[in-house]
Structures are given as structure tokens and as C-alpha cells.
Amino acid sequence: MMDRGRITTRSPLELLRRVGILPPLLIVLITFFNIQNPIFLSTLNVLNVIRQTTYLAILAMGEMLPLIVGGFDLSIGALIAFASIISTTVMKGGMGWYEAPVFAPTIMVVMGCSAAILASLGIGMINGSVIAYFKVSPFIVTIATMTIVGGITFIVSRGTNVFGLPDAFHEVLGAGTIGGFPIPILFMIGIAAGMYVLMNRSYVGRYFWAIGANVRAGTLSGIATRKYIILAYAISAFLAGISGVLLTARVGSGEMTLGAPLMLRAIAAAVLGGAAVGGGRGNIPGVLLGAFFITMMSNGMNLMGLGSFEQAIAVGFLLILAVATDQYLLRPR
Amino acid sequence: MTGNHEPLLQMRDITKTFPGCLAVDNVDFDLRCGEVHVLFGENGAGKTTLVNVLSGVYPADKGDIYISGKKVSLRNAHHAQSLGISAVHQEFSLIPELSIVANLFLGQELGSHGLLDKREMGERAVTFMKNLALSFDVDLNEKIAYLTLAERQIVEIAKAFMRDTRIMILDEPTSALAETEKLSLFKIVARLKEEGKGIIYISHVMDEITGIGDRVTILRDGKKIDVLENREDITEAHLIKSIVGERKREIYPELGTEITNKVLEVNNLSTKSGLKDITFDLRAGEILGIGGLPGSGKSNVGRALFGLDKITEGEIIMSGEKLPKHLTPSDSLKRGLIYSPADKLEGLALCRDIKENQSLPVLLEKFAVRGFIEKAREIEAVREQIEKLDIKPDDMNKELQYLSGGNQQKVIIARGFLKGATIFIFDEVTRGIDVGSKIGFFELINKLAKGGAAIIYISSEIPELLHLCHSVIVMYEFSIFKQEDHKELTREKLAHYLFALEGRALK
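Pasting the structure below:
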């Protein structure tokens, strides 16, 4: 019988092919870490891992889109620091203008965050436009914007971190909860839900996949491919802006070097989650799992008492293992 | 003269199959020192496959190759080259990002201790090009990417001559050359002959074959039909007759008779890709064939109508409405015209599934409500097409890369059905698929026309043009050479038109 878009009974290998190597690998590693240190699966630690995952997950969901349309976005790390400095500078500037009326700090927080996120969005649109219209390699374009954005960040901050922000910023966006749920996690859930709908329920996701798989097929199907390539980079930068603002709220000050290691981890998370370098593949649940996997790895190894260099080596090996396995399993038979 | 009669090359019982297609069937082929031996036949007759076996591109399934009487088994293209077999292929083998010099010396660079001697190579290349006497006035340090098509072809030829060659394969070497360059090439060929080399020459141009051929081997459907041993026998009449002869019969459905209103009118269309002054009409229920040799511009007609080639002059009127001059694929799709490209891979997203590939062009229009996809409706529609077209496998979640060529083609046709298209353009729809599926396609296309669709059927297969189409346009050098009704058309006439030989009487 023909199936109606559902998984029917398949061999174990076929099943593995469907879900990828990540879920079984996760199960193995969770068991391993928990044997090493039973604290690993305590409620507190699990919540901690999820909270730490938030920023990386939002970033990786964005990074997934340039990967799906067959490109790269290397500027998102720089955008985190950029969003951090822009948002806090605007907030602080505003604080000076108002002589402490009651609502002012809240308004300033909103303005600061909006300014940072919109500026990031603008940079993403520039990335996308140059890539789509001038056919410059995404690698070059986003490296270039990375250095430009880094320079702007430095000039705006004058080389110092930004302190003295409204209390509400950290208290609400950084450490606040609604109904017991940390606000950053709620952001992540909201964004994940939105992105899932975009990718799986709307036509936009289909277009992203199709363009990445074969841009000529997209053109032949009457799709304005350039528009969607720009959209992919715009969303990527937009989410980097949000992630940057949330991370800034968490640390409580505008920091010039925030998020530097996150860019490579975001790409790793997306690729681990099934996004193909070269385009055409990638999905939200996979990317979330990928982000969780990377955070969990470092948490588990922390609990084991491994240093960050040993961790880096282990993560690197696992990345190669996971991607190589997927590549092998996905080969046409 | 045919030089001495020592056999330089003997190919015995060569057989090569591709999935669903017997490309070369027990062919014997001989080449002597100092002769030009022409391979002649229709498209798909097996010429290129045969020389690809000889140049080590792929191994034969069966058969032996002897060079100077010694049996050889070719491992790969590099091995063939080391045995003195050089080839100028139809597809270029140049690396666009490297200079002309670097391409000429590719794989046999000069230098020592791992360092390249660029000066030596540059000087030798200049001398070499001068000796070749091809009119070539380009700085040899220029990158291939900046050369015109004709210039690339000259470099390609030069590269083959650079090597120490005993057997030279020239597969349609003149298709991009100007007259003077062709003459220079023939001079080089003459020189090679004098030096006692053997030349295998594939061409569709009659004057070239009758002009430089010493012998001609004629292939049809992968079989050797005849060898013209004497120069006196190599005449146009002989050659035409040889490809016209009876061949295995494919079954064609009876043509529909209900041809109604005009749905497409093309007036004096010219394009940037080179089409000149194309004018024709298309009516509902009609299957209009477009034929032509490779490089005749037949595919460009389809591409222009779909908005893929830039229009410079003329107009396209679809159902009474003039199309915008800057036509895009989405303009054409919107008006119910769908195009299936000659290169199937161009139209398909191989790593996505059947469902997504089928519904891609119609997603917004048919299945999306306020941007959201109504999956149940989509699945229903896709499933209906899978059943109707008998797409295998019938699992709509299967990625396209796991489908056969014929089934991939069906997915593209399904798009047209989903779209409710009224005009279908098929470009080489049966290329590379087996006979059974071919017959299925003929019936499908025939039924489509009987149902009121208008069809443009671009093909290089003479029988298909002859039996499947109501009327046939033959392209030559990017213009319409001739349009004729199928009732008037015969194999002989069509073959003549393809080679632009109208009016010259058969001897």
C-alpha cells in the first residue's frame, strides 16, 4: 500500500535513515554521562542545560536557513556582539535623556532591543541581496559583513563594555519567568513554533528547500528565487539579533566579545540536526536537537571534570562522526 | 589517399549497454594509419559511445581492442592517452579558471623539483599554436572563462594535438568554428594523415564528410550498417540513404484529428541566444514537432517561450494576449504553459521528494490558503497524478534521486497536469529511457493533445518527429529551415531538411 505521508513499518536501517544518527547518539551519551555522574539527569541540571541551549538554539535555527538555500552565514557571531552593544547603547542613551519618569526604563529597554534587532535584520538583508543579485559567494559576503559589523560594534562601544542598564532589562529578559518558565526559554519555544510553521506548513519553507536543492528547478517553477534567498539571510540575522539581545540581558551588560564562539557552534548544531552544507535539507526539530546535543556535551563533560580543550576535541570528533554517518546512510542505494 | 593498409586500431564485437538502452551492439571498427575514418549516423546511433569506449571514458561490456595488433584493455581516460589516443569531445574538458597555457599542459606540465617552469611552457605553447596555424589571436595567459565558444573549441583541439598521438578522435570538432578556422583544422588533419596517424571523425556536416573522409562507417541503433570503403562511394546520396533505411519499429498512436483554435502565435522572434526570426502558430489539439541537429537551436525555441532565453525582437501571443517582452518562467506558467527541459536535472530538486517536486510550481496557486499549505488537498492531488501517470515507486515521500529517468520525467509532466496547463513543451522527453517507457510517453502525449492541449515536441529522433507530430519544424543554424505537415513528410525529406539539403536531388 501507498502511505499517506507517514512513516510505515521499515527496517531498522531505514528507520535510522529517517531520523538520522543524532537521536540514538543522544541516548547513548545521556546514559554515559549519567553513569559518570548521576547529577547529570537531575531536574536542576536538565533545566540548566535547556536554559543554556536557548541562545544557541535560536541562533542555529536562523543559521539553518542560509544552509538550506545552499549558502552560509558567518556573520551571526559578530551580530551577537553588535546587537549587544547597539541595544545597550540605545538603552543607556535614552536613560540620560529622560529624567527618570516611571515608564522610561521599560520604554528604553524596548527601544534598545528593537533597534538592535532591526539593525541586525537590515544587515541580513544586505547579506542576502549581495548574494542573490551579485552572485558573490556567501562565504565571502558574510565574512565581509562580519568584519564590517565587528568594526561598527567597536566604534559604537568605543572599545568598552556598556554598564548601567535599566534593571528591568536583566530582571525580565534575562532572569524573569512567566508561570515558572524562564522567559528566554519561552522565547525559544515561540520562535521554534513559528519557524516550524514557516518551514512545514507554509509555502515559504518549501521554496527554501527547493531553491537549495536546485535553484534552476526553482526558477523553472516560477519562483522568485532571489527574494527567498534574501529572506533566508534576513531571518538568520534577525534571529541572531534576538539571540544577542537575550544573551545580553542574561549577562546584564553590553559586551563587545559576546557570542564569538557561538557562530561555529550554530553551524555545527544545524549540520548535526540534518542541514546539508550545499543545501536542500534541514529541519527545525533536528536543529533544536543539534543545539541541545552540543550544549549537553559540554555540560556532561564539565560534570566529568574535563577541561575546555578536551571538550573541544571531543565535540570535533563527534561532529565528524555524526555527519559522516549521515552522509554514508544517505547515499543513494 | 588512404595511406598504407597496416591496421592501427581494431575494435572487435564492441558492446555497451546503459540502463534500458543498448547503445553499441557488436560493432567492429578498423582504423588504418594515415586515414580519416568517419563515423556517421543519426543521433543516438552509438557514435559517441563507441569513441568514448575507445578513449577510456567507460569500459565496454564486451569486445576487444587491438592497437597495432596488440590487445589492450583500457583502464581509464588517462591510460588511453598514454597509449596515444587523444580525443576532442563534444563536451569541453577545459578548466575555466586556468589559463590557456595551463590547460594545454594539464597533466603533462613542464618543470623540475615540483616547480612549474611557466616560461618554458608559455614559450612552447606560443610556438605550438603558431605551428598549428589556427587563426587564434588571444593572449595565451588568458583564462578559459573569458574565451568565446569558438576560441574554446580551438584550445580544445590544440590540447588534443599537444599530446603525442597515434589515434585522434574528433567528435563534431567544427560545430563552433568559423569557415577559416575549419579550413585550418582540415589542414592539420591532412598533416596528421601524412605523418601516418589515424583520425576518427564524427560529423553531421555533409561537405566535411565528403571532403575529408577516406572511409565511412555507418551506425544505426547501435549497429554497424555499412562501411563505405572507397572515396567514390562517399556521396551525400549514399549517406542520406543509409540513415533513412528501415529500423526497428516503435509503435506510435494514431494522431488526433480535432485541431481547433490558435493558442499560441510566435511572430519574428529573435533571442539573445541566437534564434533568428522564428514564426509559427500552435493550435489546441496539435502536436508540433521541432527537429534539428545538435546546435541548430531547437531547444532554444522552447527556452525562449518559457522565458529562459532573453527575447530581443518579435512577439509571442498566447490565447490572444501578447506576452511581455521580458518574459519570465512565472509569466509563462501563469498563462498555462509548462516546459520540460532537455536536461531533466535542470527542472528537479533531486534531494526532495516526489510530492514536493510535483507541487512546486502550483503550490501557491492550488494548495496554499493565506500562505499555509493544505496538506490533505496536496497529498490527494499528488497521489492522483502518481496513479494516473503510473509513477514508480508510488511512494510520494521518495526522494527524486531514487527514481529512474523516465519516472523523473513523469514527475515533470505531473506538474503540467496539476497546473492545468494548456500548452506543453517537451524537450527530448524520451532521451535515455527504455523502449517500453517511450511507448508509454507517446501514448500519454497523444492523449494529452486529444484532450485539447497544444504540444511542442522538441526531439532529435527522426521517427518520433515523423510519427508523433502533426507538423514538423526543422531548425538549422538557429532559424526555421522548413515547416511541413506530417502528411507531406517522409524520412528522406526529413533527413534532407535536417542537413539543410532541400532541393538537391538524390542521386
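Just so you know, the sequences run in chain order A and B. Numbering-wise (my numbering), the first sequence opens with residue 354 and increments by one. Numbering-wise (my numbering), the second sequence opens with residue -8 and increments by one. Glycine is no exception: its CB is placed at the ideal position from the N, C-alpha and C atoms. This one's a predicted model, so the numbers in the text were calculated from it and none came from an experiment.
Among the residues of its own chain, which have a CB less than 6 Å from the CB of Y195 of chain B, if the five just before and after it don't count?
One-based indexing of the second sequence puts residue 195 of chain B at position 204. According to the sequence displayed, residue 195 of chain B carries His and not Tyr. Excluding sequence neighbours, H195 of chain B sits near L284.
Whose C-beta lies closer than 6 Å to the C-beta of G305 of chain B among residues of the same chain, with five residues either side of it excluded?
Locating residue 305 of chain B in the second sequence gives position 314, where the first residue counts as 1. The residues are N258, N259, L260 and S261.
With DSSP as the reference, please indicate the residues paired to Q1 of chain B in a beta bridge.
Taking the second sequence and counting its residues from 1, the one referred to as residue 1 of chain B is at position 10. Answer is B:D21 and B:Y57.
Below-7 Å beta-carbon distance, Y556 of chain A vs any chain B residue:
Counting from one through the first sequence, the residue named residue 556 of chain A turns up at place 203. Chain B contact via Cβ: present.
Would you verify that the beta carbon of A545 of chain A is, or is not, closer than 7 Å to some beta carbon of chain B?
Taking the first sequence and counting its residues from 1, one reaches residue 545 of chain A at position 192. False, the Cβ-Cβ gap to chain B never drops below 7 Å.
How far does the beta strand (DSSP E) with V494 of chain A in it reach, from first residue to last?
If you number the first sequence from 1, residue 494 of chain A lands on position 141. Per DSSP, V494 of chain A belongs to no beta strand (DSSP E); it is in the alpha helix (DSSP H), P491 to S510.
Spatially closest choice to F469 of chain B from B:K232, B:D268 and B:N67, by CA coordinates
In the second sequence, the residue the question calls residue 469 of chain B occupies position 478. Ranking B:K232, B:D268 and B:N67 by Cα distance to F469 of chain B puts B:D268 first.
Compare the beta carbon distance of Q144 of chain B and A116 of chain B with 7 Å and say whether it is the shorter of the two.
Here residue 144 of chain B is taken as the residue at index 153 of the second sequence, counted from 1. Here residue 116 of chain B is taken as the residue at index 125 of the second sequence, counted from 1. No; because the gap between Cβ atoms is not below 7 Å, this pair is not in contact.
Could you say which of B:A412, B:D55, B:L394 and B:E434 lies nearest to L459 of chain B if we only look at CA atoms?
Residue 459 of chain B sits at position 468 when you count from the first residue of the second sequence. Comparing Cα-Cα distances from L459 of chain B to each of B:A412, B:D55, B:L394 and B:E434, the minimum goes to B:E434.
I364 of chain B touches chain A at which residues, Cβ-Cβ below 8 Å?
One-based indexing of the second sequence puts residue 364 of chain B at position 373. Chain A residues near I364 of chain B: R554, S555, Y556 and R559.
Determine the chain B residues that contact S490 of chain A at a beta-carbon separation under 7 Å, and present them in chain order.
Residue mapping note: residue 490 of chain A aligns to position 137 of the first sequence, counting from 1. The premise fails here: S490 of chain A is roughly 14 Å from chain B at the closest Cβ pair, so nothing lies under 7 Å.
Could you give the DSSP three-state label for D418 of chain B: helix, strand or coil?
Here the question's residue 418 of chain B lines up with position 427 in the second sequence. Reduced to three states, the DSSP call for D418 of chain B is strand.
The beta strand (DSSP E) that contains R554 of chain A, what's its start and end?
Against the first sequence, residue 554 of chain A aligns to sequence position 201. Counting along the chain, R554 of chain A falls outside any beta strand (DSSP E), and DSSP gives it neither H nor E.
Whole angstroms are fine: how far does the CA of I403 of chain B sit from the CA of R634 of chain A?
Taking the first residue of the first sequence as 1, we reach residue 634 of chain A at position 281. Taking the first residue of the second sequence as 1, we reach residue 403 of chain B at position 412. Cα to Cα, the separation comes out at about 21 Å.
In the DSSP assignment, what residue or residues form a beta bridge with Q392 of chain B?
Numbered from 1 along the second sequence, position 401 holds the residue referred to as residue 392 of chain B. Answer is none; Q392 of chain B lacks a bridge partner.
C342 of chain B at chain A interface by Cβ criterion, 7 Å
Within the second sequence, the letter at position 351 stands for residue 342 of chain B. True, the Cβ-Cβ gap to chain A drops below 7 Å.
Which residues, in chain order, does the stretch 621 to 644 of chain A contribute to contact with chain B at a C-beta distance below 8 Å?
A629, G633 and R634
Within the continuous alpha helix (DSSP H) that includes A445 of chain B, where are the two ends?
Counted from its first residue, the second sequence places residue 445 of chain B at position 454. It is not in any alpha helix (DSSP H) - A445 of chain B instead sits in the beta strand (DSSP E) that spans A445 to I449.
Can you tell which of B:E375, B:I209, B:R361 and B:P454 has the C-alpha that lies nearest to the C-alpha of I430 of chain B?
Reading the second sequence from its first residue, position 439 is the one you call residue 430 of chain B. It is B:P454 whose Cα lies nearest to the Cα of I430 of chain B.
In terms of residues, what are the limits of the alpha helix (DSSP H) holding R143 of chain B?
Numbered from 1 along the second sequence, position 152 holds the residue referred to as residue 143 of chain B. Taken as a continuous stretch (DSSP letters only), the alpha helix (DSSP H) holding R143 of chain B covers L140 to M153.
Which residues does DSSP pair with E306 of chain B in a beta bridge?
The sequence position of residue 306 of chain B within the second sequence is 315, counting from 1. Looking at the DSSP assignment, E306 of chain B forms a beta bridge with B:N258.
Would you please verify whether the beta carbon of L369 of chain A is less than 7 Å from any beta carbon of chain B?
By one-based count along the first sequence, residue 369 of chain A stands at place 16. False, the Cβ-Cβ gap to chain B never drops below 7 Å.
Helix or strand or just coil, what does DSSP make of N94 of chain B?
The residue given as residue 94 of chain B occupies position 103 in the second sequence. N94 of chain B falls in the helix class under three-state DSSP.
DSSP on V515 of chain A, reduced to helix/strand/coil?
Your numbering for residue 515 of chain A matches position 162 in the first sequence. DSSP places V515 of chain A in strand when its eight states are reduced to three.
Within the 7 Å Cβ cut-off, does S395 of chain B reach chain A?
Position 404 of the second sequence, counted from the start, is the residue given in the question as residue 395 of chain B. False, the Cβ-Cβ gap to chain A never drops below 7 Å.
Reducing DSSP to helix, strand and coil, say where E88 of chain B ends up.
Start at 1 with the first residue of the second sequence, and residue 88 of chain B comes out as number 97. It is coil, neither helix nor strand.
Give every residue of the same chain whose Cβ lies closer than 6 Å to the Cβ of M417 of chain A, excluding the five residues on either side of it in the sequence, and list them in chain order.
As a first step, residue 417 of chain A is located in the first sequence; it is residue number 64 there, counting from the start. Cβ neighbours of M417 of chain A beyond the five flanking positions: A623, A628, G635 and V640.
Cα separation between K488 of chain A and G481 of chain A?
Taking the first residue of the first sequence as position 1, residue 488 of chain A is located at position 135. Taking the first residue of the first sequence as position 1, residue 481 of chain A is located at position 128. Between K488 of chain A and G481 of chain A, the C-alpha separation is close to 10 Å.
Which residues in the same chain as K313 of chain B place their Cβ atom closer than 8 Å to its Cβ, once the five residues preceding and following it in sequence are excluded?
On the second sequence, position 322 is the one that residue 313 of chain B refers to. Correct list, in chain order: E306 and I307.
CB contact below 7 Å: A359 of chain B versus chain A:
On the second sequence, position 368 is the one that residue 359 of chain B refers to. Yes, A359 of chain B counts as interfacial toward chain A.
Determine the chain A residues that contact Y330 of chain B at a beta-carbon separation under 9 Å, and present them in chain order.
As a first step, residue 330 of chain B must be located in the second sequence, where it is residue number 339. Simply L573.
For R603 of chain A, collect the residues of the same chain with a Cβ closer than 6 Å to its Cβ; drop the 5 residues on either side in sequence, then sort them by chain order.
For this step, residue 603 of chain A is matched to residue 250 along the first sequence. The answer, listed in chain order, is G527.
Taking the DSSP output, what are the residues bridged to T8 of chain B?
Position 17 of the second sequence, counted from the start, is the residue given in the question as residue 8 of chain B. The partner list for T8 of chain B (beta bridge, DSSP) reads B:L13.
Label Y486 of chain A either buried or exposed according to how many other C-beta atoms from any shown protein chain fall within 10 Å of its C-beta, with 16 as the threshold for buried.
Translated into the one-based positions of the first sequence, residue 486 of chain A becomes position 133. By the neighbour-count rule (16 or more Cβ atoms within 10 Å), Y486 of chain A is not buried but exposed.
Measure the beta-carbon distance from V360 of chain B to G213 of chain B and round it to whole angstroms, keeping in mind my assumption that it falls under 8 Å.
As a working mapping, residue 360 of chain B is identified with position 369 in the second sequence. As a working mapping, residue 213 of chain B is identified with position 222 in the second sequence. The pair is not a contact, with the Cβ atoms about 53 Å apart (cut-off 8 Å).
Backbone secondary structure at R66 of chain B - three-state DSSP:
Along the second sequence, one-based indexing puts residue 66 of chain B at 75. Coil.
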